[in-house]
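Take a look at the structure set out below.
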Amino acid sequence: MMKVRDDLKLNSGMLVGVPIPLEHEALDAEKSILNSVKEAAELGIKGREVTPFVLSKVSQLTQGDTLKANLALIKNNAIIGSEIAKEYSILSSKSTEMPLTPIHTPIVVGGAAVDLIAQFLEPKLPLDGATHKGKIDMHFGGVGRNIAQGLAQLNLSPVFVSSVGKDNLGASLKQDLEDDTHVSTFDNKSTATYCVITNDKGDVQSGIGDMNVHNDISPELIREMDFSSCPLVVMDGNIPVSTMNEIKNKCLESNPVLLFEPTDVHKSS
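Its first residue numbered 1, the sequence shown is counted upward by one per residue in UniProt numbering.
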C-alpha cells in the first residue's frame with residue numbers, strides 16, 4: 001500500500017496498527033484504567049497531574065503488567081517498522097530495475113472537468129448577495145479523468161475517452177493528460193466545470209456543475225474502438241445512458257471486466 005501510495009504521488013499519511021504481543025497482554029488493564037480515572041476525579045486531580053496519577057495507579061493495580069505490556073509494544077513497534085522498511089526497500093529496488101510494462105490497456109470512459117474549490121473563510125455562510133472572504137483553488141478533475149490519471153501513475157497507460165469544449169480550459173485539460181488521442185473537442189461547447197463550495201472547515205456544503213459537454217461522449221465514439229485485448233473498462237456516471245449501453249454490449253463481446261463509477265447521487269439514479 002505504501003509503494004502504491006508513493007507511485008500515485010499521494011501526500012496522505014498511513015496509519016499502521018501494531019498490537020501488543022499476546023504473551024504480554026495486560027488483560028485487566030482497561031478495568032484498571034477506568035477505576036484509576038474515576039479515583040482521580042474523586043480526589044480532585046486535574047490537568048497535567050491526571051496522566052502520571054493514572055499511569056502509576058494502573059501499574060499498581062495490575063502489579064506492573066501494564067508497564068511490561070508497554071515495553072513489549074515499543075519493541076514490537078520497532079520490529080514491525082523495520083520489517084516494513086525492509087520490504088519497502090525491496091519493492092522500490094525492483095521498480096527501479098524492472099519498470100512495469102503493461103501487456104493490456106485499460107479503457108476509461110468518462111468526464112474530464114476543471115474543478116474550482118471555493119472555501120468560505122468566515123464561520124457562517126449567509127446567502128445575502130454580499131462578497132465574503134474566501135479562498136479559491138483550481139484543479140483538473142472529472143471522475144473519469146481522475147481514474148485514468150491513477151492508472152497512468154501506476155504505469156498502466158490507459159486509453160481515456162472524454163470530451164471538452166474548444167476553449168482555453170479544454171486545451172489546458174488535454175495538455176495535462178498523458179494521452180489525449182480519444183478526448184474529442186467540440187465547437188460551441190464549454191469545457192466541463194465543477195464548483196464546490198465548502199465552509200471554513202473544508203466541509204462540502206454544495207456544488208454546481210456545468211457538464212453538458214459530456215453528453216457528446218456518444219455511442220459512435222465507442223463503436224470505433226477495439227475492446228478485444230482490453231482487460232478492464234471503466235465508465236463513470238457522466239456519460240449518456242446510450243453510451244453506457246454501447247460499452248456494455250462491446251464488453252459482452254470481448255468479456256473484459258466492466259466497472260461503473262456512480263459519480264453522483266443524481267446521476268447514479
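In this text, a Cβ means the ideal position worked out from N, Cα and C, and glycines have one as well.
Beta-carbon spacing of residue 20, residue 61 below 8 Å: Within the sequence shown, residue 20 is the residue found at index 20, counting from 1. Within the sequence shown, residue 61 is the residue found at index 61, counting from 1. No, the pair does not count as a contact, with Cβ atoms beyond the cut-off.
Those runs of the alpha helix (DSSP H) which lie wholly inside the UniProt domain "Carbohydrate kinase PfkB" (108 to 248) and span at least 4 residues: 143 to 153, 168 to 176 and 219 to 223
Residue range of the beta strand (DSSP E) that includes residue 261: Here residue 261 corresponds to residue number 261 of the sequence shown, with the count starting at 1. 257 to 261 is the span of the beta strand (DSSP E), which, as asked, contains residue 261.
Separation of residue 85 from residue 57, as counted between CA atoms: Walking along the sequence shown from the start, residue 57 turns up at place 57. Walking along the sequence shown from the start, residue 85 turns up at place 85. Approximately 37 Å, taken between the alpha carbons.
Proximity winner among 242, 231 and 236, relative to residue 253 (alpha-carbon distances): Position 253 of the sequence shown, counted from the first residue, corresponds to residue 253. For the residues 242, 231 and 236, the minimum Cα distance to residue 253 belongs to 231.
Cα-Cα separation, residue 35 to residue 67: Mapped onto the sequence shown, residue 35 falls at position 35. Mapped onto the sequence shown, residue 67 falls at position 67. Rounded to whole angstroms, residue 35 to residue 67 spans 17 Å at the Cα level.
Under 8 Å between C-beta atoms of residue 204 and residue 165: On the sequence shown, position 204 is the one that residue 204 refers to. On the sequence shown, position 165 is the one that residue 165 refers to. Taking 8 Å as the Cβ cut-off, residue 204 and residue 165 do not qualify as a contacting pair.
Assumed close pair residue 202, residue 149 - CB separation to whole angstroms, cut-off 8 Å: Position 202 of the sequence shown holds residue 202. Position 149 of the sequence shown holds residue 149. Residue 202 to residue 149, Cβ: 22 Å. No contact.
Cβ shell of residue 25 (< 7 Å), same chain only, five flanking positions each side left out: By one-based count along the sequence shown, residue 25 stands at place 25. Only 69 meet the Cβ criterion.
Span of the alpha helix (DSSP H), counted from its first residue to its last, around residue 40: Counting from one through the sequence shown, the residue named residue 40 turns up at place 40. Counting along the chain, the alpha helix (DSSP H) containing residue 40 begins and ends at 29 to 42.
Inter-stretch contact (C-beta, 8 Å, three-pair minimum) for the region 256 to 266 and the region 228 to 246: yes
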